[in-house]
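Undergrad:
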Amino acid sequence: MEDKKRTILICRGTGCESAKSPQIQAALEEKVQGLNVEVKFTGCHGMCQQGPIVVVEPEDIFYAHVKLRDVPKIVESHIKNDEVVERLVYEDPTTKEKIPTYHDIPFYKRQKRLVLRNCGQIDPENIDDALARDSYAGLGEALKMEPVEIVAEVKKSGLRGRGGGGFPTGLKWEFTQKAAGDVKYVLCNADEGDPGAFMDRSVLEGDPHAVLEGMIIAGFAISAKQGYIYCRAEYPLAIKRLQIAIEQAREHGYLGKDILGSGFDFDIEIFHGAGAFVCGEETALITSIEGNRGMPRNRPPYPANEGLYGKPTLLNNVKTYANIPLIITNGSGWFADIGTENSKGTAVFALTGKIANSGLIEVPMGVTLREIIYDIGGGILDSKEFKAVQTGGPSGGCLPESFLDTPVDYDSLIEAGSMMGSGGMVVMDEDTCMVDVARYFLDFTEKESCGKCVPCRIGTKQMLTILEDIVEGRGKPGDIDRLEELAHGIKIGSLCGLGQTAPNPVLTTIRYFRDEYEAHIYDNACPAKQCKEFISYHIVDSCIGCGLCRRNCPVDAITGEQKELHHIDQELCIQCGECYEVCPPKVFSIEIHTGEKSTEPEPVLQVVTG
Amino acid sequence: MDQFTFTIDGQTITAEDGMSIMDAALANDIYIPYLCHHPDLEPVGACRLCGVEVDGRPMVMSCMTPAKEGTDVRTNSPAIYQARKVAMELLIMDHDMDCLACEAADDCDLLKVSAYLGIQPEQLEGLRPLGRQLPIDDSNPYFQFDPNKCILCGICVRTCNEIVGLGALGYINRGIETVVGTFGDKGFVDSICESCGECVVRCPVGSLAPKKPQLAAREISTICAYCGVGCGIHFGVRGDEIVSTRADRESPANRGSLCVKGRYGFNFINHPDRLTTPLIKKDGQFVESSWEEAITLVADKLSNYHGEEFAALTSAKCTNEDNYVVQKFTRAVMGTNTIDHCARL
């Protein structure tokens, strides 16, 4: 079977690259010399925790956690002898079942990959690979259409902005198309900044041509000649691949003068963002490209009328543009058949947190949170209880178990108090303190506030300070009401989306987990047993006196003779949890108590009078 | 200019094209609270206090929103009051409230808006004082900048950009750490700041404040004596001493602006070293003399020279008319074109 033509795909997304996939590629190329095998690299497959990922086609075999030393084995066993290397095959973290073929893996089986259609499939630095999978076919068709027809198609498709706001894309295109002005711009927002989110990065690294194609079609539709991609400088690989893609597109006549002989001129430049989260807000992004400090400004006027350099400007997210070629090629009807009534197409999420399979997923709009978390994500790690899921990044909300059957679409999530956002999804288990979660997200937004408007600049800091007080044992009666009052004031009063949504994590955790706030403030207890101020560690009778905890305690708070019950000195203990971690699971003699401090008797003050 | 009408709180208002809701309200003596707005500057909508309802749509910033014919504007509603109250409480908790020690205490917009909204100390309970202790920049000889009192309205930054055209000020850092500062966060004196004080006079609180200011008892309107521009200036006077200056907004020469000399350079007037009579050096000593004696002496000496033996240097502190006469004298009487002017002020 040696003469069978095979292709070995090595993932070289940022995650796999950092795990030495370029070296693996080089080693494979060397080893397969003389064999009928093509080795090529691709963008991200989405399941980064399994990386480096190597896929062998046509058998569709998915190897996970491949190391440099595994290369000879893959070549000798699989390529030369047709024997799949069982050891390297993907193992389901929940069922421990070995699943050799890529498309049988539950993580992928339930997905519908439109935006990510080429990620992990093509060499992003080779335009021929993209062309073989119909890249720029949509552009060819679009150039034969009238600009108004293109806008009508986009409108009919029901596509909404994938940056999180969910504004109807076609409407935005129509406004910009109709706006008066000879000079117009097309901007792509690639300033992805939510903690843990890497959807846009993966598309740019894995399929840059899809984004370029979407932008060129947009340029033709609104009569723009220049496009800019605002990409954060923290994405060097994405910028590099985009740059290569732009140059290759120019060479092939997809960018530049007289594109495909249509008479239409359009070019794209990359603008490096300097790392401010707020520059993902459209007016701040525009201000930043203009060379000023990236601070948002009031709308109206909207960018469609007065955007970059005061000219009509169309600004969409990476994933929005990546959808456009598909809509043009397959028709708006095809796209509108996917998803729900008001949310068409697919949603891309960076699934992370206490979940078995974390990674990048793409699902049709309307699937439930439960399907995403349990069917694709494989459920909660270590058989723990699900507690909450945060969607929409730091601007989103935390939804409890009762919302697991909520369909994932723009409107349902907003109604639940969260939002689609640009696509972060953090799953939390029973060990997560929801007050601390709110504090964590506020800590992020507070630091990323641009400082321009009062409610956001000072309000997020004020809320953060109160939250810090609560988790550190200084909470006061009235704090919950005060947080809610501040949150509403900040939501209604802030200038831009950052401030208007920053209170969401606080509001949703109060709404759904109010008892946890109350436990911290009134009962000196952290129900999740996470906040150090409220917990104490105790050794119970099952202790076998092995001494592991005593030896590992960094502050020598544990005493006890060998083979005898040990004891923790609460005065010395710093609640680091080391003893809990090292106590053998079979013994399991460390307990975490919470809510006990209030029972300690207050020292009695004696008043002595003469 | 076209006029139109709309209503504010049920009252019919006449406005002109291009007016914001706030412009129209203020022109009709309807107060809307604000801190970041200034009539000389482009609006930015940063303080979020001037929110109003337009046709039932909540919270548009009246400083940024053009007044529109036939609209129904409400400057107050429970929702708007609540948003303003929250913003104001936040500002107070982030502000150095040592008002007795503040230069702006008698003219502080923060206090004014706080009083308008009826903020009471007890309602601040439960909010945490953010109490930052940032260093005061007193590097400038004429004014100081106390970031602990700054409310980040941005009026100083916009003044330097839009009125002075210098751009010496900008924002540094993000979030609560955001401060107004100069390039590279150097002190004012080491920056490109020209110390004109335009930002200082517009600061709505005591963050940018003149050093050792004295309250004037009365004002005298005159023309600045420094140069030929002839800026209109109001001197604040206490007894027979000039203690403050204020630019004349009505003067066509300066339209409310002054330079560093006009604004801060008045100490020489009452300075003991100031010359009040001509001095003539006699036997190696300067001796006070009369103007007649001095001018006669100069005229006598000048009559001994002609042409290239003579040169004149005049002063920008003279009026244009004075300078005209000096150059005429130099060319016509002394017979030379060698005349220059300090003009380096």
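Listed in order, the protein sequences are those of chains A and B. Position 399 of the first sequence, counting from 1, maps to 399 under this note's numbering, and the rest follow consecutively. One rule links them: number in this note's numbering = place in the second sequence (from 1) + 1000. Ideal Cβ positions, reconstructed from N, Cα and C, are used throughout, including at glycine.
Using a C-beta to C-beta distance shorter than 9 Å, which residues of chain A count as neighbours of B/Tyr1034?
TA: Those within 9 Å of B/Tyr1034 in chain A number zero; the least Cβ separation is about 12 Å.
Undergrad: Go to A/Gly333, then tell me how far its beta strand (DSSP E) extends in each direction, as first and last residue.
TA: Segment Ser332 to Ala336 is the alpha helix (DSSP H) holding A/Gly333; no beta strand (DSSP E) there.
Undergrad: Would you kindly check if the distance between the Cβ of A/Val66 and the Cβ of A/Ile127 is under 8 Å?
TA: Contact flag unset, no.
Undergrad: Kindly list the residues whose CB is nearer than 6 Å to the CB of A/Glu430, restricted to its own chain and excluding five residues on each side of it in sequence; keep chain order.
TA: Only Lys384, Glu385 and Lys387 meet the Cβ criterion.
Undergrad: Using a Cβ cut-off of 8 Å (strictly closer), state whether A/Ile289 contacts chain B.
TA: It does not: the Cβ of A/Ile289 has no partner Cβ on chain B nearer than 8 Å.
Undergrad: Taking 8 Å as the threshold (beta carbon to beta carbon), is A/Leu495 in contact with chain B?
TA: Closer than 8 Å to some Cβ of chain B, the Cβ of A/Leu495 qualifies, so yes.
Undergrad: So that I know if they touch, is there some Cβ in chain A lying closer than 8 Å to that of B/Tyr1116?
TA: Not closer than 8 Å to any Cβ of chain A, the Cβ of B/Tyr1116 fails to qualify, so no.
Undergrad: Taking the CB atoms as reference points, tell me whether B/Ile1119 and B/Ile1092 lie closer together than 8 Å.
TA: In contact: B/Ile1119 and B/Ile1092 (Cβ atoms closer than 8 Å).
Undergrad: Can you confirm whether A/Lys240, when its beta carbon is compared against all beta carbons of chain B, has any partner nearer than 8 Å?
TA: Output row for A/Lys240: interface = no.
Undergrad: Which class does A/Asp267 belong to by DSSP, given the choice of helix, strand or coil?
TA: It is a strand residue.
Undergrad: Out of curiosity, what's the CA-to-CA distance linking A/Glu290 and A/Gly353?
TA: Those two C-alpha atoms are separated by around 37 Å.
Undergrad: Measuring CA to CA, which of B/Gly1154, B/Lys1112, B/Met1059 and B/Thr1338 is closest to B/Val1200?
TA: The option with the nearest alpha carbon to B/Val1200 is B/Gly1154.
Undergrad: Jot down the residue ranges of each uninterrupted beta strand (DSSP E) in the segment 1218 to 1296 of chain B, minimum 3 residues, whole runs only, in chain order.
TA: Taking only runs of at least 3 residues, the beta strand (DSSP E) segments lying wholly in the segment 1218 to 1296 of chain B are 1218 to 1223, 1232 to 1238, 1241 to 1247, 1279 to 1282 and 1285 to 1288.
Undergrad: Can you grab the Cα-Cα spacing for the pair A/Val125 / A/Pro208, in whole Å?
TA: Reading off the sequence, residue 125 of chain A comes out as Glu, not Val. Straight-line Cα distance between these residues: approximately 9 Å.
Undergrad: Would you say A/Lys461 reaches chain B, if we count a Cβ-Cβ gap shorter than 8 Å as a contact?
TA: Closer than 8 Å: yes.
Undergrad: Which of helix, strand or coil does DSSP assign to B/Ser1020?
TA: If DSSP states are grouped into helix, strand and coil, B/Ser1020 belongs with the strands.
Undergrad: Just to check my reading of the structure: B/His1038 and B/Arg1202 have Cβ atoms closer than 8 Å, yes? What is that Cβ distance to the nearest angstrom?
TA: That belief holds up - the Cβ atoms of B/His1038 and B/Arg1202 are roughly 6 Å apart, short of 8 Å.
Undergrad: What residues of chain B sit near A/Asp191, judged by a beta carbon separation below 8 Å?
TA: Those do not exist, as A/Asp191 stays about 15 Å from chain B at its closest Cβ, beyond 8 Å.
Undergrad: With DSSP as the reference, please indicate the residues paired to A/Ile8 in a beta bridge.
TA: A/Val39 and A/Val56, per the DSSP bridge assignment.
Undergrad: With a threshold of 16 other CB atoms inside 10 Å of the CB of B/Ile1220, please say whether the residue is buried or exposed.
TA: With fewer than 16 Cβ atoms within 10 Å of its Cβ, B/Ile1220 is classed as exposed.
Undergrad: I need the straight-line Cα distance from B/Gly1170 to B/Thr1182, nearest angstrom please.
TA: Using only the alpha carbons, I get a separation of about 6 Å.
Undergrad: When burial is assigned at 16 or more other CB atoms within 10 Å of the CB, is B/Thr1012 buried or exposed?
TA: Exposed.
Undergrad: Strictly under 8 Å for the Cβ-Cβ distance: is B/Val1189 near chain A by that measure?
TA: Not closer than 8 Å to any Cβ of chain A, the Cβ of B/Val1189 fails to qualify, so no.
Undergrad: Contact criterion: CB-CB distance below 8 Å. Does A/Glu602 meet it with respect to chain B?
TA: With a pLDDT of 49 at A/Glu602, under the threshold of 50, the modelled position of this residue cannot be trusted; read the value that follows with caution. Chain B contact via Cβ: absent.
Undergrad: In the DSSP output, what is A/Phe62 paired with across the bridge?
TA: According to DSSP, which records beta bridges pairwise, A/Phe62 is partnered with A/Val55.
Undergrad: Evaluate contact between the segment 340 to 347 of chain A and the segment 101 to 115 of chain A, counting only Cβ atoms and requiring at least three cross-stretch pairs below 8 Å.
TA: Flag = yes, the segment 340 to 347 of chain A and the segment 101 to 115 of chain A touch.
Undergrad: If we define contact as Cβ-Cβ less than 8 Å, is A/Ile8 a contact residue for chain B?
TA: Chain B, which has no Cβ nearer than 8 Å to the Cβ of A/Ile8, makes this no.
Undergrad: Taking Cβ-Cβ distances shorter than 8 Å, what residues in chain A pair up with B/Met1064?
TA: Per Cβ cutoff of 8 Å: Asn298.
Undergrad: Note down the Cα distance separating A/Gln530 from A/Val435, rounded to an integer number of angstroms.
TA: So the alpha carbons of these two residues sit roughly 10 Å apart.
Undergrad: Give me, in chain order, the residues of the same chain whose beta-carbon lies closer than 8 Å to that of A/Gln195; leave out the 5 immediate sequence neighbours on both sides.
TA: First, the amino acid is wrong: residue 195 of chain A is Pro here, not Gln. Cβ within range, chain order: Gly393, Pro394, Gly424 and Phe444.
Undergrad: Can you give me the Cβ contacts of B/Asp1098 inside the same chain, cut-off strictly under 7 Å, excluding the 5 residues immediately before and after it?
TA: Closer than 7 Å at the Cβ level, and outside the excluded window around B/Asp1098, lies no residue.
Undergrad: Counting only runs of 4+ residues fully inside the segment 470 to 499 of chain A, write out the alpha helix (DSSP H) ranges in chain order.
TA: Runs of the alpha helix (DSSP H) inside the segment 470 to 499 of chain A: 479 to 493.
Undergrad: Under 8 Å, Cβ to Cβ, is there at least one residue of chain B near A/Val454?
TA: Closer than 8 Å: yes.
Undergrad: Along the chain, where does the alpha helix (DSSP H) containing B/Asp1109 start, and where does it finish?
TA: Taken as a continuous stretch (DSSP letters only), the alpha helix (DSSP H) holding B/Asp1109 covers Asp1109 to Leu1117.
Undergrad: Go ahead and pull the three-state DSSP assignment for B/Arg1174.
TA: Reduced to three states, the DSSP call for B/Arg1174 is coil.
Undergrad: Output yes if chain A places a C-beta closer than 8 Å to the C-beta of B/Gly1184; else output no.
TA: With 8 Å as the cut-off, B/Gly1184 does not count as an interface residue toward chain A.
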